[in-house]
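Visitor: Taken in sequence, the protein lines are chains A and B. Under the working numbering, the very last position in the first sequence is 170; numbers go up by exactly one each time. Under the working numbering, the very last position in the second sequence is 257; numbers go up by exactly one each time. Cβ coordinates follow ideal geometry from the N, Cα and C atoms, glycine included.
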Amino acid sequence: MSDLVPDDRSDPRDELAAYLAGDLDEPGSARVAARLAEDPAARRELELLEAAWDALDLLPAVPVGEHFTAATLELVALSAQREAQELAGWRRWLVRALGIAGLAATVGLGFLAARGWSATQEVNAADLALWEDLDALRQIDSVEYLRALRAAGLFRGPPVEEHVDAAPR
Amino acid sequence: MRASESTWLETVRHDPDVRLMLAVQRGDAAAFEQLVERYQARLLLLFEHLIGSRHLAEDLTQEVFLRIYRARQQYTPQAKFSTWLFTIANRVALNARRGQGRRRETLLVPAASGEQPAASLSQLAVAKSALLPTRQLDKAELRAVVRASLEVLNERQRLAVLLNKFEGLSYPEIATAMQLSVPAVKSLLNRARVQLREVLEPYLDAAGTSTATPVVEE
């Protein structure tokens with residue numbers, strides 16, 4: 002029988018124990034009180050239950066050893082110290098990891114920036130000749146005529162095909 | 040104000056140990072020392088009667104304080120401090136019993152050096168029956184008998200009895216500490232009372248009282 006749930010076949014003394022502990026509701030208490038008034042065996046049973054419970058007061062207090070408190074505090078202090086050291090170690094690792102990540106990010110960004118600048122420079126160089134002649138070129142409204150002039154070597158800078166290769170991607 | 044906030048305030052207001060624990064949370068070492076001094080003897084008594092070894096009881100008591108300290112940053116007072124402490128104590132005891140693989144015996148625990156050697160309830164019963172009927176057990180024998188009677192209870196009954204009898208925890212508080220329902224705690228305690236009565240009846244006099252007066256320990 003589980004000691005965690007009441008049983009239909011529970012010991013009748015269970016009700017007396019519950020009465021002693023003040024666990025019974027009003028009807029239950031009244032029922033037990035009536036039984037106790039009429040039944041000397043029930044009264045004897047109640048006395049024994051109460052006496053057995055009170056006998057636990059005979060258990061001696063457990064003395065605390067002279068150095069127990071100090072030993073306990075020392076144990077906790079050591080644990081706190083280890084905790085602090087682990088935390089410091091973790092922080093150092095984190096700072097190092099962030100530092101490396103930051104450095105890597107800086108290098109990466111620098112690389113990308115340099116590459117972009119370089120491409121921009123190439124574009125600028127390719128377009129420079131065009132910008133220098135822009136006013137004159139605006140007077141011509143035929144692409145075929147422009148190509149013919151180019152073929153005749155009248156434009157400065159690299160040929161048209163090279164301009165296309167240098168265009169930014 | 041929400042229910043949880045009012046519970047928190049009530050708990051902090053009425054329980055000085057909760058205030059000490061909140062001070063520990065803020066780094067107050069003296070507050071922690073006070074908690075150790077207030078609860079160490081109670082935990083030692085609890086573990087010695089639960090586990091049956093003084094040496095292990097000391098280790099387990101220190102383990103409870105260590106866990107309390109480590110949990111200080113997460114501590115939120117939802118109930119009395121003692122309820123939280125004994126909830127931790129119950130878990131520590133369960134772990135210890137699993138580790139021990141302890142067999143249930145009705146033997147007395149060997150006490151500290153200089154006290155009575157271990158004896159079984161049956162040996163004491165035979166000794167008593169062999170004596171003159173009017174001979175009463177002396178205090179040390181009776182204490183040994185009472186101590187042995189606790190060993191007859193199973194671990195859950197024993198813990199419920201110790202928390203109710205010596206710590207004055209209510210049924211809901213015991214239920215929280217032992218992670219049981221309140222009806223289950225009532226059932227445990229009632230069964231324990233009946234078993235104690237059965238075991239101790241031979242040592243209770245005709246008037247229904249024990250054969251020695253309670254000793255006040257200093």
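With a CB to CB cut of under 8 angstroms and the five nearest residues on each side skipped, what residues in its chain are close to Y108/B?
Guide: What you label residue 108/B is simply residue 69 of the second sequence in a count that begins at 1. Closer than 8 angstroms at the Cβ level, and outside the excluded window around Y108/B, lie V63 and F71.
Visitor: Kindly say whether R97/A, judged by its beta-carbon, lies nearer than 8 angstroms to any beta-carbon of chain B.
Guide: As a first step, residue 97/A must be located in the first sequence, where it is residue number 96. It does not: the Cβ of R97/A has no partner Cβ on chain B nearer than 8 angstroms.
Visitor: Do A53/A and R232/B have their C-beta atoms within less than 8 angstroms of each other?
Guide: Counting from 1 along the first sequence, the entry for residue 53/A is found at position 52. Counting from 1 along the second sequence, the entry for residue 232/B is found at position 193. Yes, the pair counts as a contact, with Cβ atoms nearer than the cut-off.
Visitor: With the cut-off set at 8 angstroms, would you say L243/B and L25/A are in Cβ contact?
Guide: What you label residue 243/B is simply residue 204 of the second sequence in a count that begins at 1. What you label residue 25/A is simply residue 24 of the first sequence in a count that begins at 1. Against a cut-off of 8 angstroms, the Cβ pair of L25/A and L243/B comes out as no contact.
Visitor: Would E154/B be called buried (16 or more neighbouring beta carbons within 10 Å of its own) or exposed?
Guide: Walking along the second sequence from the start, residue 154/B turns up at place 115. At E154/B the pLDDT is 36, less than 50, meaning the model places this residue with poor confidence and gives no usable figure here.
Visitor: Should L37/A be flagged as near chain B, meaning a C-beta pair shorter than 8 angstroms?
Guide: Here residue 37/A refers to the residue found at position 36 when the first sequence is read from its first residue. No, no contact with chain B.
Visitor: Helix or strand or just coil, what does DSSP make of L25/A?
Guide: Position 24 of the first sequence, counting from 1, holds the residue named residue 25/A. Three-state result, L25/A: coil.
Visitor: Under 9 angstroms Cβ-Cβ, which residues of chain A neighbour Q79/B?
Guide: The sequence position of residue 79/B within the second sequence is 40, counting from 1. Those are V65, F69, T70 and T73, listed as they occur along chain A.
Visitor: So, is R151/A buried or exposed, given that buried needs 16 or more other C-beta atoms within 10 angstroms?
Guide: For the purposes of this step, residue 151/A is taken as the residue at position 150 of the first sequence. Per the 10 Å Cβ criterion, exposed.
Visitor: Do the CB positions of L21/A and L37/A come within less than 8 angstroms of each other?
Guide: Position 20 of the first sequence, counting from 1, holds the residue named residue 21/A. Position 36 of the first sequence, counting from 1, holds the residue named residue 37/A. Against a cut-off of 8 angstroms, the Cβ pair of L37/A and L21/A comes out as no contact.
Visitor: Quick one: what does DSSP say T107/A is sitting in, helix, strand or coil?
Guide: Counting from 1 along the first sequence, the entry for residue 107/A is found at position 106. Looking at T107/A - three-state DSSP - the assignment turns out to be helix.
Visitor: Residue range of the alpha helix (DSSP H) that S121/B falls in?
Guide: Along the second sequence, read from residue 1 onward, the residue named residue 121/B stands at position 82. Start and end: F120 to Q139.
Visitor: Run down chain A in chain order and give the residues with a C-beta less than 7 angstroms from the C-beta of N134/B.
Guide: In the second sequence, residue 134/B corresponds to position 95, counting from 1. Residues of chain A passing the Cβ test: none, with the nearest at roughly 17 angstroms.
Visitor: Quick one: residues in its chain with C-beta nearer than 7 angstroms to the C-beta of E102/B, no 5 flanking neighbours on either side, listed in chain order?
Guide: The sequence position of residue 102/B within the second sequence is 63, counting from 1. Hits under 7 angstroms: V131.
Visitor: Tell me which same chain residues have a C-beta within less than 6 angstroms of the C-beta of E237/B, skipping the five on either side of it?
Guide: Counting from one through the second sequence, the residue named residue 237/B turns up at place 198. If we look at E237/B and ignore the five residues flanking it on each side, it has no Cβ neighbours.
Visitor: Compare the C-beta of V191/B with all C-beta atoms of chain A and state if any pair is closer than 8 angstroms.
Guide: Taking the first residue of the second sequence as 1, we reach residue 191/B at position 152. No, V191/B lies away from the interface with chain A (no Cβ there is under 8 angstroms from its Cβ).
Visitor: Examine chain A for any beta-carbon lying closer than 8 angstroms to the beta-carbon of Q101/B, and answer yes or no.
Guide: To locate residue 101/B, count along the second sequence from 1; it is residue 62. Yes, Q101/B lies at the interface with chain A (some Cβ there is under 8 angstroms from its Cβ).
Visitor: Less than 8 angstroms between the C-beta atoms of V51/B and L59/B, yes or no?
Guide: Residue numbering aside, residue 51/B sits at position 12 when the second sequence is read from its first letter. Residue numbering aside, residue 59/B sits at position 20 when the second sequence is read from its first letter. Their beta carbons are not under 8 angstroms apart, which means V51/B does not touch L59/B by this criterion.
Visitor: Would you call the segment 118–131 of chain B and the segment 211–220 of chain B in contact, with 3 or more CB pairs under 8 angstroms?
Guide: Yes, the segment 118–131 of chain B touches the segment 211–220 of chain B.
Visitor: Might you give, ordered along the chain, the residues of its own chain that have their beta carbon closer than 7 angstroms to the beta carbon of Q1/B, omitting 5 neighbours on each side?
Guide: Examination of residue 1/B is not possible in this model, given that chain B is present from 40 through 257 alone.
Visitor: Closer than 8 angstroms, CB to CB, is S30/A near chain B or not?
Guide: As a first step, residue 30/A must be located in the first sequence, where it is residue number 29. No, S30/A lies away from the interface with chain B (no Cβ there is under 8 angstroms from its Cβ).
Visitor: Determine, using beta-carbon pairs with one atom in the segment 184–198 of chain B and one in the segment 222–232 of chain B, whether at least three such pairs fall under 8 angstroms.
Guide: As far as the Cβ criterion goes, the segment 184–198 of chain B touches the segment 222–232 of chain B, which means the pair count is three or higher.
Visitor: Suppose the cutoff is 7 angstroms on Cβ atoms and the five residues either side in sequence are ignored; what does the same chain contact list for D177/B look like?
Guide: Indexing the second sequence from 1 puts residue 177/B at position 138. Hits under 7 angstroms: none found.
Visitor: Strictly below 8 angstroms CB to CB, what residues from chain B border R14/A?
Guide: The residue you call residue 14/A lines up with position 13 of the first sequence. Correct list: V233 and R236.
Visitor: When the distance is taken between beta carbons, is R182/B closer than 8 angstroms to L89/B?
Guide: Within the second sequence, numbered from 1, the residue matching residue 89/B stands at position 50. Within the second sequence, numbered from 1, the residue matching residue 182/B stands at position 143. Not a contact, by the Cβ cut-off of 8 angstroms.
Visitor: Mapping DSSP to helix, strand and coil, what is Y114/B?
Guide: Along the second sequence, read from residue 1 onward, the residue named residue 114/B stands at position 75. DSSP places Y114/B in coil when its eight states are reduced to three.
Visitor: Measure the alpha-carbon distance for D136/A versus G117/A and round it to whole angstroms.
Guide: Taking the first residue of the first sequence as position 1, residue 136/A is located at position 135. Taking the first residue of the first sequence as position 1, residue 117/A is located at position 116. Approximately 29 angstroms, taken between the alpha carbons.
Visitor: Does D9/A come within less than 8 angstroms of chain B when only Cβ atoms are used?
Guide: Mapped onto the first sequence, residue 9/A falls at position 8. Only weak support is given to the placement of D9/A: the predicted model assigns it a pLDDT of 46, under 50, and the question is left unresolved by the model.
Visitor: Could you check whether L95/B and L135/B sit closer than 8 angstroms to each other, using their CB atoms as the reference points?
Guide: Mapped onto the second sequence, residue 135/B falls at position 96. Mapped onto the second sequence, residue 95/B falls at position 56. Reading the sequence as shown, one finds Ala at residue 135/B and not Leu. Yes.
Visitor: Starting from I141/A, trace the alpha helix (DSSP H) both ways and give me its first and last residue.
Guide: Counting from one through the first sequence, the residue named residue 141/A turns up at place 140. It is not in any alpha helix (DSSP H) - I141/A carries neither H nor E in the DSSP assignment.
Visitor: Measure from the C-beta of W94/A to each C-beta in chain B and report whether the shortest distance is under 8 angstroms.
Guide: Your numbering for residue 94/A matches position 93 in the first sequence. Output row for W94/A: interface = no.
Visitor: If I measure Cβ to Cβ from A18/A and keep anything under 6 angstroms in the same chain, skipping five residues before and after, which residues do I get?
Guide: To locate residue 18/A, count along the first sequence from 1; it is residue 17. Closer than 6 angstroms at Cβ, skipping near neighbours: L50.
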